[in-house]
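Residue numbers (my numbering), protein chains in the order written: chain U, -17 to 225; chain F, -17 to 225. All C-beta atoms in this analysis are idealised placements derived from N, C-alpha and C, irrespective of residue type, glycine included.
Protein chains: 2
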Amino acid sequence: MANPTAAMLVIGDEILSGRTRDSNMYFLAQQLSERGITLCEARVVADRQDRIVSALNDLRAQYDHVFTSGGIGPTHDDITADAVAAAFGVALGIRDDARAILAAHYERTGLELNAARLRMARIPEGADLIENPVSAAPGFSIGNVHVMAGVPAVFEAMLASVLADVTGGQALFSQSLTIQRGEGEIAADLAELARACPDVSIGCYPFQRDGAYGATVVVRGADKGQVDAAMVRLGVLFPEAMA
Amino acid sequence: MANPTAAMLVIGDEILSGRTRDSNMYFLAQQLSERGITLCEARVVADRQDRIVSALNDLRAQYDHVFTSGGIGPTHDDITADAVAAAFGVALGIRDDARAILAAHYERTGLELNAARLRMARIPEGADLIENPVSAAPGFSIGNVHVMAGVPAVFEAMLASVLADVTGGQALFSQSLTIQRGEGEIAADLAELARACPDVSIGCYPFQRDGAYGATVVVRGADKGQVDAAMVRLGVLFPEAMA
Chain U
-17 MANPTAAMLV IGDEILSGRT RDSNMYFLAQ QLSERGITLC EARVVADRQD RIVSALNDLR
43 AQYDHVFTSG GIGPTHDDIT ADAVAAAFGV ALGIRDDARA ILAAHYERTG LELNAARLRM
103 ARIPEGADLI ENPVSAAPGF SIGNVHVMAG VPAVFEAMLA SVLADVTGGQ ALFSQSLTIQ
163 RGEGEIAADL AELARACPDV SIGCYPFQRD GAYGATVVVR GADKGQVDAA MVRLGVLFPE
223 AMA
Chain F
-17 MANPTAAMLV IGDEILSGRT RDSNMYFLAQ QLSERGITLC EARVVADRQD RIVSALNDLR
43 AQYDHVFTSG GIGPTHDDIT ADAVAAAFGV ALGIRDDARA ILAAHYERTG LELNAARLRM
103 ARIPEGADLI ENPVSAAPGF SIGNVHVMAG VPAVFEAMLA SVLADVTGGQ ALFSQSLTIQ
163 RGEGEIAADL AELARACPDV SIGCYPFQRD GAYGATVVVR GADKGQVDAA MVRLGVLFPE
223 AMA
């Protein structure tokens, strides 16, 4: 069985304007990779409903899961819930369970659950809430789309509960070998190895350390035997690296 | 007149797998916003020709400029040039001027210009080369698409010359000088030079080569005389680099 596929949609003008550096994409990529879910594509779009809807419909049709971050806060430019409802063609309204979560939170914190904050209880029809242990306001999953906050601590907390639900598919086995030679010198051998082992992916990540050129070669695959076999061939090609 | 629009396409499995954290998107976003170019969308795709071609054709049809990073190195999984040629429906071949740049670079550095490295001279028909003052291997612009390296220091150096062109300013003259000293050692002198030569831009691109820290200093300006004058002052500050 092939691994599940995923895409990420980062929503927010602040990323595209360079005011804020996104960190959720990097975090998600690592989390999915550990769980054998293949992140195939990521996109960043502005806070514009037409762009969010078209990116969302494009991605959710292509991949098993779509993870979004950003645009679910209390301000007027937080329009992700509206856009998701529009993309799925469902109603968007304040939901009692979401309102109760916010009411309890603001009562605890002594703040008023005003109209702006109440916007965060607007949930597309048919969605399941995603728990937010950090700041209460929930995310939601609808179909294969998981809608989470942009604030990294909240995104990461929400992602943990989403990933607990999402099936991880087969874990990917990976092994790596670090070779103290320039990428250009080992490229031809790696290309031949990639042809000889079509069922594993062979990545080459060059570095320069203490003045020496080197590269870490990473072999990934769903079948441990095939990964091991490719590593054996790799060791024959670069015996000095096995020392 | 509305601001020009732009999109970014980041190409590389290493970003989607979470192995590498992209920094070029954040850098580009800031550079474009300083220049009044609106970054409307960014995408990250894997090293797969079909995905690169479809994202590229989608983005170049929608926005005034598309900036790509990654996939133009010497290894078998560096397929950006192939994908760009396919997207534009033009031929891809080793170009003499690009080969000459690589040949000169590897002769200087005493490394062999082998078949893998020669891949970096493959340029789609009708493209213009983008100078790479850091590690020689050029990027290229074709139509409204600007294809640059993924290594941040190289991406940033290439972007500087691309932005000089696309911001519609006069063509910029550029000259560079490579100094075998750490960036920290030369920073104060460069800052003073920048104050003394306000009409040229002075970029510093650090590298580590054969165990030694160094930096390539690139002087750019619309007036060739002012660029030459700044280079003379630079030579006086770092006479050892003129040898």
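Under 9 Å from the C-beta of Q208 of chain U: neighbouring residues of chain F: For the purposes of this step, residue 208 of chain U is taken as residue 226 along the first sequence, with counting starting at 1. Listed along chain F is no residue with a C-beta nearer than 9 Å to that of Q208 of chain U; the closest approach is about 18 Å.
Proximal residues of chain F, C-beta to C-beta of C186 of chain U below 8 Å: On the first sequence, residue 186 of chain U is found 204 positions in, with the first residue counted as 1. Simply T57 and D59.
Same chain, Cβ closer than 6 Å to M224 of chain U, five either side skipped, listed in chain order: Here residue 224 of chain U refers to the residue found at position 242 when the first sequence is read from its first residue. Only G217 meet the Cβ criterion.
Any chain F beta carbon closer than 8 Å to G92 of chain U: Here residue 92 of chain U is taken as the residue at index 110 of the first sequence, counted from 1. At a cut-off of 8 Å between beta carbons, G92 of chain U makes no contact with chain F.
C-alpha gap between I112 of chain F and G121 of chain F, whole angstroms: Within the second sequence, numbered from 1, the residue matching residue 112 of chain F stands at position 130. Within the second sequence, numbered from 1, the residue matching residue 121 of chain F stands at position 139. Using only the alpha carbons, I get a separation of about 5 Å.
Option nearest V136 of chain U by Cα separation, candidates U:A118, U:R33 and U:N126: In the first sequence, counting from the first residue as 1, residue 136 of chain U sits at position 154. Cα-wise, what sits closest to V136 of chain U is U:A118.
CB contact below 8 Å: I34 of chain F versus chain U: As a first step, residue 34 of chain F is located in the second sequence; it is residue number 52 there, counting from the start. Chain U, which has no Cβ nearer than 8 Å to the Cβ of I34 of chain F, makes this no.
Proximity below 8 Å, CB of A197 of chain U to CB of C179 of chain U: Position 215 of the first sequence, counting from 1, holds the residue named residue 197 of chain U. Position 197 of the first sequence, counting from 1, holds the residue named residue 179 of chain U. Not in contact: A197 of chain U and C179 of chain U (Cβ atoms no closer than 8 Å).
Length of the line joining the Cα atoms of S226 of chain U and Q44 of chain U: Because residue 226 of chain U is not part of the residues shown, which for chain U are -17 to 225, the question remains open.
Closest Cα partner of V(-8) of chain F within the set F:V214, F:M130 and F:Q13: Residue mapping note: residue -8 of chain F aligns to position 10 of the second sequence, counting from 1. For the residues F:V214, F:M130 and F:Q13, the minimum Cα distance to V(-8) of chain F belongs to F:M130.
Bridge-paired residues (DSSP) for R202 of chain F: Stepping through the second sequence from its first residue, residue 202 of chain F is reached at position 220. Answer by DSSP bridge pairing, in chain order: F:S156 and F:S183.
Heavy atom of the ligand SAH within 7 Å of A211 of chain F beta-carbon: Ligands in the displayed structure: none, and consequently the ligand SAH is not present.
The stretch 16 to 33 of chain U / the stretch 44 to 53 of chain F touching (three or more Cβ pairs under 8 Å): Fewer than three beta-carbon pairs drawn from the stretch 16 to 33 of chain U and the stretch 44 to 53 of chain F are found closer than 8 Å, and the two stretches are therefore not classed as touching.
Buried versus exposed, by CB contacts within 10 Å (16 or more), G108 of chain U: Position 126 of the first sequence, counted from the first residue, corresponds to residue 108 of chain U. Burial call: exposed.
Pair within 8 Å by beta-carbon distance, G53 of chain U and D32 of chain U: Indexing the first sequence from 1 puts residue 53 of chain U at position 71. Indexing the first sequence from 1 puts residue 32 of chain U at position 50. With contacts defined as CB atoms closer than 8 Å, G53 of chain U and D32 of chain U fail to qualify as a contacting pair.
Assumed close pair R17 of chain F, N126 of chain F - CB separation to whole angstroms, cut-off 8 Å: Taking the second sequence and counting its residues from 1, one reaches residue 17 of chain F at position 35. Taking the second sequence and counting its residues from 1, one reaches residue 126 of chain F at position 144. That pair is no contact at about 16 Å.
Rounded separation between V72 of chain U and I34 of chain F - CA only: Along the first sequence, read from residue 1 onward, the residue named residue 72 of chain U stands at position 90. Along the second sequence, read from residue 1 onward, the residue named residue 34 of chain F stands at position 52. V72 of chain U and I34 of chain F: Cα-Cα distance of roughly 33 Å.
Buried versus exposed call for T91 of chain F [16 or more other C-beta atoms within 10 Å across all chains shown]: Residue mapping note: residue 91 of chain F aligns to position 109 of the second sequence, counting from 1. By the neighbour-count rule (16 or more Cβ atoms within 10 Å), T91 of chain F is not buried but exposed.
Whole-angstrom distance between P134 of chain U and R1 of chain F, CA atom to CA atom: What you label residue 1 of chain F is simply residue 19 of the second sequence in a count that begins at 1. What you label residue 134 of chain U is simply residue 152 of the first sequence in a count that begins at 1. Going by the C-alpha atoms only, they are around 19 Å apart.
Spatially closest choice to E138 of chain F from F:V66, F:D78, F:A97 and F:D4, by CA coordinates: Within the second sequence, the letter at position 156 stands for residue 138 of chain F. It is F:D4 whose Cα lies nearest to the Cα of E138 of chain F.
For D4 of chain F, three-class secondary structure by DSSP: On the second sequence, position 22 is the one that residue 4 of chain F refers to. Here D4 of chain F sits in coil by DSSP.
Test: Y45 of chain F CB closer than 8 Å to a CB of chain U: Residue mapping note: residue 45 of chain F aligns to position 63 of the second sequence, counting from 1. Taking Cβ atoms only, chain U never reaches closer than 8 Å to Y45 of chain F, which makes this a no.
Minimum Cβ-Cβ distance from D79 of chain F to chain U less than 8 Å: Position 97 of the second sequence, counted from the start, is the residue given in the question as residue 79 of chain F. Taking Cβ atoms only, chain U never reaches closer than 8 Å to D79 of chain F, which makes this a no.
Under 8 Å between C-beta atoms of V182 of chain F and V201 of chain F: As a working mapping, residue 182 of chain F is identified with position 200 in the second sequence. As a working mapping, residue 201 of chain F is identified with position 219 in the second sequence. Yes, the pair counts as a contact, with Cβ atoms nearer than the cut-off.
Min CB distance Q12 of chain F to chain U below 8 Å: Counting from 1 along the second sequence, the entry for residue 12 of chain F is found at position 30. Yes, Q12 of chain F lies at the interface with chain U (some Cβ there is under 8 Å from its Cβ).
Closer than 8 Å to chain F by CB, L216 of chain U: Counting from 1 along the first sequence, the entry for residue 216 of chain U is found at position 234. Judged by the 8 Å Cβ criterion, L216 of chain U is not in contact with chain F.
Within chain F, the residues that A173 of chain U reaches when beta carbons sit closer than 9 Å: For the purposes of this step, residue 173 of chain U is identified with residue 191 of the first sequence, where counting begins at 1. Residues of chain F whose Cβ lies closer than 9 Å to the Cβ of A173 of chain U are, in chain order, T57, H58, D59 and A98.
Contact check, V66 of chain F vs L84 of chain F, beta carbons under 8 Å: Working through the second sequence from its first residue, we reach residue 66 of chain F at position 84. Working through the second sequence from its first residue, we reach residue 84 of chain F at position 102. No, the Cβ-Cβ distance between V66 of chain F and L84 of chain F is not below 8 Å.
Distance between beta carbons of L74 of chain F and A63 of chain F, contact taken as under 8 Å: In the second sequence, residue 63 of chain F corresponds to position 81, counting from 1. In the second sequence, residue 74 of chain F corresponds to position 92, counting from 1. Contact check for A63 of chain F and L74 of chain F: beta-carbon distance about 6 Å, within the 8 Å limit, so the pair qualifies.
Cα-Cα separation, M140 of chain F to P115 of chain F: Position 158 of the second sequence holds residue 140 of chain F. Position 133 of the second sequence holds residue 115 of chain F. If I take the Cα positions, the gap works out to 8 Å.
Amino acids of chain U, ordered along the chain, whose beta-carbon sits closer than 7 Å to that of G0 of chain F: Position 18 of the second sequence, counting from 1, holds the residue named residue 0 of chain F. Below the 7 Å Cβ cutoff, chain U contributes Y8, A11, Q12 and S15 as neighbours of G0 of chain F, in chain order.
With 16 other Cβ atoms within 10 Å as the buried cut-off, status of G55 of chain F: Within the second sequence, the letter at position 73 stands for residue 55 of chain F. Classification of G55 of chain F: buried, given that the 10 Å Cβ count is 16 or more.
Pairwise C-alpha distance: Y195 of chain U and F189 of chain U: Reading the first sequence from its first residue, position 207 is the one you call residue 189 of chain U. Reading the first sequence from its first residue, position 213 is the one you call residue 195 of chain U. If I take the Cα positions, the gap works out to 6 Å.
Residue-chain proximity (A68 of chain F, chain U), Cβ-Cβ < 8 Å: Along the second sequence, one-based indexing puts residue 68 of chain F at 86. Judged by the 8 Å Cβ criterion, A68 of chain F is not in contact with chain U.
Integer-rounded CB distance, given that V199 of chain U should sit under 8 Å from I161 of chain U: Residue numbering aside, residue 161 of chain U sits at position 179 when the first sequence is read from its first letter. Residue numbering aside, residue 199 of chain U sits at position 217 when the first sequence is read from its first letter. Taking 8 Å as the upper bound for CB-CB distance, I161 of chain U and V199 of chain U are in contact here, some 6 Å apart.
Exposure of G132 of chain U, with buried meaning 16 or more beta-carbon neighbours within 10 Å: The sequence position of residue 132 of chain U within the first sequence is 150, counting from 1. Buried, since its Cβ has 16 or more Cβ neighbours within 10 Å.
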